[in-house]
Amino acid sequence: MIDLDLLRDDPDRVRQSMEAKRIGDPATVDRALDLDRQRRRAVTALNDLQRRQGELGREIGPLMKAGQRDQAAPLVEQSNAVKAQVKEHEETVRQLDADLRAAMLEIPNTLHPSVPVGGEDANRIEHEWGAKPTFDFEPLPHWEIAERHGLVDFERGAKVTGAGFPFYMGKGARLQRALIGLFLDLAGEAGYTEVEAPILVNEASGIGTGQLPDKEGQMYHVTGDDLYLVPTAEVPLTNLHRDETLDAGSLPVLYCGYTPCFRREAGSYGKDVRGLNRLHQFDKVELVRFVRPEESYEHLEALLADAERAVEALGLPYRRLTLASGDLGVTQAKTYDLEVWSAGQQRWLEVSSVSNFEAFQARRANVRFRPEEGAKPEFVHTLNGSGLALPRIVAALLENGQQADGSVVLPPRLAQAAGFDRIG
RNA sequence: GGAGAGGUGGCAGAGCUGGUCGAAUGCGUCGGUCUUGAAAACCGAAGUGCCCUCACGGGUACCGUGGGUUCGAAUCCCACCCUCUCCGCCA
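Position in the first sequence (first residue = 1) + 955 = the working numbering.
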């Protein structure tokens, strides 16, 4: 949710962000402003009536206590009349509140000035690291390598659950476990507190981080208990402090957590979804920061560095993009993507998305802090980044590490964590 | 899942035979007096959201959440959520 004061003071900026992000209808801004004006008028009227009701009640009280019902009768009659009006106005305010909130939830976060405006082709490549491997043979895509070594069983996953829910077998499974451990260790070294979180969350949490109502169809919904499977650990980790006022001295708060992630990926089909490229269930280590607003862009860079360190630990060539406005979601003010080079497919695969949400999530989730003793609570800024998502990392490791004899060599740091340095 | 108890301000804990209750009291916090300084003692301050106001200030709502009864609800009724105790079940 954006700041209502910003909407009132600078609606043009809000509209421009909507247009640049290509999200929503800019007319929503005017609708929200209109609802806001109506609501304030209604609240003022309601408060006046409530005051009158209180006055009458305080006059009636002593009379009733003294048994002077007759004297109280006309006042009671008045009070009943006011009560009816109060009820009416309450309903009006309730409706306007709901409408305004709905409109506000439709308005995406504003952009940081450094975000390039445009569509996907305006994404800015900032940095490239590592050398793409070269081969004196035709490198295979990871799904063929995985099949050859029995690392991932897509068919049986499809039988047991459905497409996009693979089994990892043997060294494939051990690799997952080693990567999760390695990523959590790296985050721990960087100062993050490790968290094991619930992987089912309630509706309020979905709203808090912005998955609801915007991306309703993307989460698996457990209807029996009205809970949602997490699409990322960002949801539980950020909602951990929902409706809290944090101690200023505790900031910044840094959490890392591993969870399986569940995404319906409704509407995404095509050749780029083969193998491990896009799954309904996958593993990811997520990094989350709660910070003071004035420091959030420094933290964005620090968080980015944390994610890059993880890729570099694996020796995978990668590049960093600053996402253009059109590629940003509802909630982000600025996002960097990290993409690793996947030699068998000859393409870049997104493995991390590092974002500053400024106060957008904090306002929805009501996470605040008190800047100093006695000061008013303010919203924190929240940030998060993958550190990292596993499947495409595994894809790149298999494709980049493949040898002429069909075996796969693992990078040293991973070999150490996994307990083996070669597959096949 | 069954039976019972309970959810009050930063914490603890009254109030719950409805009527200036945003709410006693204690602890903690902050300011002051005293002291060379500190402690103790004493005095005082201090919640959050929303609305009106340039401001000073004022109004209103909030005692788990949402409804209801009533002229009036922290106090009564209903539903839900959560915590605790006992029983059952169980990795």
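For glycine and all other residues, C-beta sits at the position ideal for the given N, C-alpha and C.
Quick check: residue i and residue j, are their CB atoms within less than 8 Å of each other?
i            : j            : result
residue 976  : residue 1341 : no
residue 1245 : residue 1185 : no
residue 1373 : residue 1133 : yes
residue 1248 : residue 1191 : no
residue 987  : residue 1030 : no
residue 1041 : residue 1165 : no
Would you tell me roughly how many angstroms separate the C-alpha atoms of residue i and residue j, rounded to the nearest one?
i            : j            : result
residue 1293 : residue 1307 : 5 Å
residue 961  : residue 969  : 8 Å
residue 1257 : residue 1206 : 15 Å
residue 1201 : residue 1337 : 13 Å
residue 1356 : residue 1332 : 51 Å
residue 1188 : residue 1209 : 13 Å
residue 1319 : residue 1180 : 23 Å
residue 1349 : residue 971  : 39 Å
residue 1039 : residue 1018 : 22 Å
residue 1274 : residue 1261 : 14 Å
residue 1125 : residue 1268 : 23 Å
residue 1312 : residue 1160 : 16 Å
residue 1265 : residue 1088 : 19 Å
If you drop the 5 nearest sequence neighbours on each side, which residues of the same chain put their C-beta closer than 6 Å to that of residue i?
i            : result
residue 1300 : 1096
residue 1067 : 1288, 1289
residue 1119 : 1234, 1235
residue 1215 : 1236, 1238
residue 1376 : 1365, 1370
residue 984  : 966, 969, 970
Per DSSP, what kind of secondary structure is residue i in: helix, strand or coil?
i            : result
residue 1186 : coil
residue 1221 : coil
residue 1339 : strand
residue 987  : helix
residue 1006 : helix
residue 1240 : strand
residue 1170 : coil
residue 1214 : strand
residue 999  : helix
residue 1289 : strand
residue 980  : coil
residue 1304 : strand
Take the Cβ of residue i as the centre, count every other Cβ of all protein chains shown within 10 Å, and call the residue buried at 16 or more, exposed below.
i            : result
residue 999  : exposed
residue 1339 : buried
residue 1254 : buried
residue 1323 : buried
Between which residues of its own chain and residue i is the CB-CB distance below 8 Å, once the five residues before and five after are set aside?
i            : result
residue 1135 : 1213, 1238, 1240, 1345
residue 991  : 959, 962, 963, 1055
residue 1143 : 1149, 1211
Suppose the cutoff is 7 Å on Cβ atoms and the five residues either side in sequence are ignored; what does the same chain contact list for residue i look like?
i            : result
residue 1047 : 997
residue 1138 : 1240, 1265, 1342, 1343
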